[in-house]
Amino acid sequence: MTIRVIVADDQEIVRTGLVMILEAHDDIEVVGQAADGRRAVELARRLRPDVCLLDIRMPGMNGIEATRELSQEVAVVVITTFDLDEYVYAALRAGARGFLLKDAGSALLAQAIRAAADGDALIAPSVTARLLRAFAGTADPVQPFEPLTDREEQIITTVARGRTNHEIADELHISVSTVKTHVASLMAKLGARNRVEIAMWAYETGRIRNAG
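Numbering (my numbering), first residue to last: 134 to 345.
Listed below in structure tokens is the structure:
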């Protein structure tokens, strides 16, 4: 199955580079490009891609606003530079499924797109610790609808460390389908829209202090 992607970045040279990287993969097709968030939203609603790759800082409608508009309709992956932690956090709150740094490399970029299309999320581990730890305690964490099981407590720490479903399955010696079941249960108990919000909750409640 080919993953259809829209790329939005206001810098043409960056946008062109991202498109070239993605289109080098046989299973990824860039179906649209935008230089600002508003155009990205228009394209997404017209072309119905599987994933939108959005830069944070764009003129007019920025990546955070565009994420808020699109997160219920399409998987959003945010890509940004390392010194914009507060903006990335806001984008995740707006519903972004994952985020990367612009220097993440072609392999990690493609992996993030595939994860988002598969309903998973890839959070760059180097950013996860710095970003979420910095904002832990800035919001009142929700109380779970039901207590977490011991296995769910194990799963939540691996999710917060940026592990994919396959990596969690290998680490805990369980099947990928079992991991997905536990993640779905965590989302229901926490009222989380995606695994990024599960990770934020883990930081906000002090479950993770030295992730990597």
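From the three backbone atoms N, C-alpha and C, an ideal C-beta is built for every residue, glycine too.
So, under 8 Å CB-CB, glycine 170 and alanine 208 are touching, yes? Tell me the CB distance rounded to an integer number of Å. As a working mapping, residue 170 is identified with position 37 in the sequence shown. As a working mapping, residue 208 is identified with position 75 in the sequence shown. Between alanine 208 and glycine 170 the Cβ distance is about 16 Å, and since that is not below 8 Å, they are no contact.
In three-state DSSP terms, what is alanine 254? Locating residue 254 in the sequence shown gives position 121, where the first residue counts as 1. In the structure shown, alanine 254 sits in coil (DSSP, three-state: anything other than H, G, I, E or B).
Are valine 184 and valine 138 closer than 8 Å when you measure CB to CB? Translated into the one-based positions of the sequence shown, residue 184 becomes position 51. Translated into the one-based positions of the sequence shown, residue 138 becomes position 5. Their beta carbons are under 8 Å apart, which means valine 184 touches valine 138 by this criterion.
Going straight from the alpha carbon of asparagine 357 to that of aspartate 142, what length do you get? No information on residue 357 is available, as it lies outside the stretch 134 to 345 that the chain covers here.
Beta carbon of leucine 245 nearer than 8 Å to that of valine 329: The count along the sequence shown starts at 1 and reaches residue 245 at position 112. The count along the sequence shown starts at 1 and reaches residue 329 at position 196. It is worth fixing the name first, because residue 245 is alanine in this sequence and not leucine. No, the Cβ-Cβ distance between alanine 245 and valine 329 is not below 8 Å.
Can you give me the C-alpha to C-alpha distance between tyrosine 336 and leucine 180, rounded to a whole angstrom? The residue you call residue 336 lines up with position 203 of the sequence shown. The residue you call residue 180 lines up with position 47 of the sequence shown. Taking C-alpha positions only, tyrosine 336 is separated from leucine 180 by approximately 36 Å.
Integer-rounded CB distance, given that glutamate 304 should sit under 8 Å from threonine 291: Taking the first residue of the sequence shown as 1, we reach residue 291 at position 158. Taking the first residue of the sequence shown as 1, we reach residue 304 at position 171. Indeed they touch by this definition, with Cβ atoms about 6 Å apart.
Within the same chain, show all residues whose beta-carbon is closer than 8 Å to that of arginine 201, passing over the 5 residues directly before and after it, in chain order. To locate residue 201, count along the sequence shown from 1; it is residue 68. Result list for arginine 201: Ala227, Gly228, in chain order.
If we require 3 or more residues per run, which beta strand (DSSP E) segments fall completely within the segment 162-215? Taking only runs of at least 3 residues, the beta strand (DSSP E) segments lying wholly in the segment 162-215 are 184-188, 208-213.
Give a yes or no on whether the C-beta atoms belonging to isoleucine 289 and valine 312 are separated by under 8 Å. Start at 1 with the first residue of the sequence shown, and residue 289 comes out as number 156. Start at 1 with the first residue of the sequence shown, and residue 312 comes out as number 179. It is not a contact, given that the beta carbons lie outside the stated cut-off.
Helix, strand or coil: how does DSSP classify glycine 238 here? Walking along the sequence shown from the start, residue 238 turns up at place 105. Glycine 238 carries a coil assignment under DSSP once its states are collapsed to helix, strand and coil.
Out of Pro192, Val163, Glu162, Ala237, state which residue places its alpha-carbon closest to the alpha-carbon of glutamine 144. On the sequence shown, position 11 is the one that residue 144 refers to. Ranked by Cα distance from glutamine 144, the first of Pro192, Val163, Glu162, Ala237 is Pro192.
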